[in-house]
Structures are given as structure tokens and as C-alpha cells.
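Protein chains: 2
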Amino acid sequence: MKLPPHGSFRSLCPLAASLDLLGDRWSLLIVRDLMARKTRYKDFQGSPERIPTNILAQRLKLLEENGLIARRPYQQRPLRYEYFLTAKGADLLPVLQQLALWGQKYVPDSWTPPAWFATATAADLLARDAATPPTGEPGDE
Amino acid sequence: MKLPPHGSFRSLCPLAASLDLLGDRWSLLIVRDLMARKTRYKDFQGSPERIPTNILAQRLKLLEENGLIARRPYQQRPLRYEYFLTAKGADLLPVLQQLALWGQKYVPDSWTPPAWFATATAADLLARDAATPPTGEPGDE
DNA sequence: CTAGTCGCTTGCAATTAGCAAGTGAGACGA
DNA sequence: TCGTCTCACTTGCTAATTGCAAGCGACTAG
Chain F
0 MKLPPHGSFR
10 SLCPLAASLD
20 LLGDRWSLLI
30 VRDLMARKTR
40 YKDFQGSPER
50 IPTNILAQRL
60 KLLEENGLIA
70 RRPYQQRPLR
80 YEYFLTAKGA
90 DLLPVLQQLA
100 LWGQKYVPDS
110 WTPPAWFATA
120 TAADLLARDA
130 ATPPTGEPGD
140 E
Chain X
0 MKLPPHGSFR
10 SLCPLAASLD
20 LLGDRWSLLI
30 VRDLMARKTR
40 YKDFQGSPER
50 IPTNILAQRL
60 KLLEENGLIA
70 RRPYQQRPLR
80 YEYFLTAKGA
90 DLLPVLQQLA
100 LWGQKYVPDS
110 WTPPAWFATA
120 TAADLLARDA
130 ATPPTGEPGD
140 E
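Chains F and X supply the protein sequences, listed in that same order.
Counting with numbering that gives the first Met the number 0, you get residues 0 to 140 for the letters of the first sequence.
Counting with numbering that gives the first Met the number 0, you get residues 0 to 140 for the letters of the second sequence.
Below, the structure written as C-alpha cells:
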């Protein structure tokens, strides 16, 4: 179902095209986790929705191919990557904020997201990540 | 994959729960069409994304079961229904607006939605539908 | 009586999802 | 040095979902 980076969209309606990239049950949850400062494979697996591991690996690859996320090594040997949002991915924040508001309004007993989620901007997310070195940066540890 | 009206959600995160209802490639496009004043089966089929007829029928049923849309007959013999958004469905407007903005920003060559779409509110959509009789209303037959 | 439309169903093949188990590279402890 | 463990994935396989195509019932028009 997932399309390659420049796979053909069903239409050039911006909604339809966005759904070609994000219209499944998992992709936006990974984006949510990244916004909540989760960065590693295990972190995503720890989320309460219990994403299957093969789907997680596939979605991370797809999100990266589509430029929504990027990764960088947090250690050599064994080579391991941490994931973070690009500007393109961070710009989904308003979408997730609105979708969460809708869920809060219509899904009984749903949780209230943390305050930072409701008030943050996409720029905040990026600044935050930039401030977090790839595992020690200026002074290092 | 689709859940019954009160099917169990993967989690009570408002985002995850919303995606349990709407996280597929077609549901939100039907909502989009309803916002664009499409009301009948054939109208939905006419959209450029070419939704398969069996999927359309199934999604309409699901959206209705979940209270996002409702239907009323627009003719007897043969009995035929037109569909419209409930308040719950119309409240997805901000979500679609944000998603469309994202698509416009990141999907090359994507269309610019009509002006009404960018400026409307959920209340506008409902008022508009209320003003459109079920096929003749005040004087009626 | 014939053909056509509309709104669906149904059958079926192909794709996708998801569960479970496995794998490789190294860390850690005895 | 061996055995055990973790992390980040793969791989295999089955079940569920998707989507194409055809069919169907109730009409309407000619």
C-alpha cells in the first residue's frame, strides 16, 4: 500500500495525497511518539498500542524515504540509529493537535494530552531536537 | 480492521483512538466529499481517486455506525439514501484543513482547495446542510 | 419488451497486516 | 571463554483487508 518517495498519488488533492503517505493506522502514531521525544526503536515498541516489530521497521523506512523523519547513529558497534522529525514531519503537529482535540471530544474516556502538546509549535519541536545533541555534542559527556 | 461503534480501541490516547476510526486511505476522503456537498453514492464514486464500490459501501456503513455521518431517503421506490455529516463528522473540518495545508506545503503540484474550505467552520457545514431540505422540506409532498 | 441507471452485493485474486520466531553484533558476568 | 542478554531488526507464515470485476434488484425511459 505504501508508496515510494515519488510514487504516484491517487490524485493531486492535497488531502488525498497526504493520506497516500499517512493514511494508515500506524504512521501518525510514530510521528506522535517522535513528538513526545521518543527516538529509538525500543521506545516506539514501548508505546501502549503495541506496534508489531515488522510494521515498525517498515514504517520507519517509509517515513524516512518520504522525508518526514531522519536518523543518525547514536552509537557505533553495533551501529544503531535514533530517529527524529524533519521540518516536514514536525509540520504535522497542527494536524495531530486537531485530531487529538477531536478524539478528546468524541472518544469517551480518552486521555488528555500533556500541556506541551497542545501549546507547542512545529518550530518548538525542531528547536528542541536541535538542542539535544546526537548523544553528546558540545561538552559531550 | 474497522471497529464496531464501541469496538475496543488500541489505546485511549485520543490520537490512537481517532486513527482507529479514521486511519485508512478512504474514510477521510468521503468526509471531504461530504464537506464539498456531495451527498449520493454516485457522487462519491465520481471523485478522482476512484474509490472501489465495495469499499465505498463498507465505509459509508462504518462512518454511519460510528456516528460521523447519517443518511435519509431522497426518494422512495426504489428506496435511496443521501448522506450527510453529523456534528461529529463536521468537527473533523479543522483536521482536514490542517492536513490539506500540510499537503499543499509538501506535495508538489497539489491543488489549492477552494476558498470556502479554508475559511469554513464546522458550524457552517451543519448550517448549510440544515438549509438544504432532504429533497423538499417545508412544503414537502 | 429492451436497454439503461442507481446503489449496492458477491466472488475472487492480490496485497497487507500481524504474530512468532530467528539473526547478528556486541555487552556483561562467571 | 562460555553462556546469557539486549537491541534492532528480518524472515516465515497465516489471517485479514483491498480492490477489480461481475452480478442483482428495483425501478425509468423508449
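Where a beta carbon is used, it is the ideal one built from N, C-alpha and C, also for glycine.
Item                                                                                                                               : Value
Phenylalanine 83 (chain F), DSSP secondary structure in three states                                                               : strand
Any C-beta of chain F under 9 angstroms from that of alanine 99 (chain X)                                                          : yes
Outcome for tryptophan 115 (chain F) when other beta-carbon atoms lying within 10 angstroms are tallied against a minimum of 16    : exposed
Under 9 angstroms between C-beta atoms of arginine 24 (chain X) and aspartate 23 (chain F)                                         : yes
Cβ of glutamate 64 (chain X) within 9 angstroms of any chain F Cβ                                                                  : no
Segment contact flag, the stretch 85 to 99 of chain X with the stretch 50 to 70 of chain X, C-beta cutoff 8 angstroms, min 3 pairs : yes
Interface partners of arginine 24 (chain X) on chain F, CB under 9 angstroms                                                       : Met0, Arg9, Ala15, Leu18, Asp19, Gly22 and Asp23
For leucine 124 (chain F) and methionine 34 (chain F), the rounded distance between their alpha carbons                            : 7 angstroms
Whole-angstrom distance between tyrosine 73 (chain F) and threonine 134 (chain F), CA atom to CA atom                              : Only weak support is given to the placement of threonine 134 (chain F): the predicted model assigns it a pLDDT of 48, under 50, and the value that follows is read from those uncertain coordinates. Threonine 134 (chain F) and tyrosine 73 (chain F): Cα-Cα distance of roughly 6 angstroms.
Near the ligand ADP: methionine 34 (chain F) beta-carbon under 8 angstroms from a heavy atom                                       : As presented, the structure is devoid of all ligands, the ligand ADP included, so that no description of it is given.
Within chain F, partners of proline 93 (chain X) - CB distance below 7 angstroms                                                   : Gln97
Status (buried if at least 16 other CB within 10 Å, exposed otherwise) for lysine 37 (chain X)                                     : buried
Chain F residues whose Cβ lies nearer than 8 angstroms to that of aspartate 108 (chain X)                                          : Leu11
Straight-line Cα distance separating alanine 16 (chain X) from glutamine 57 (chain F)                                              : 22 angstroms
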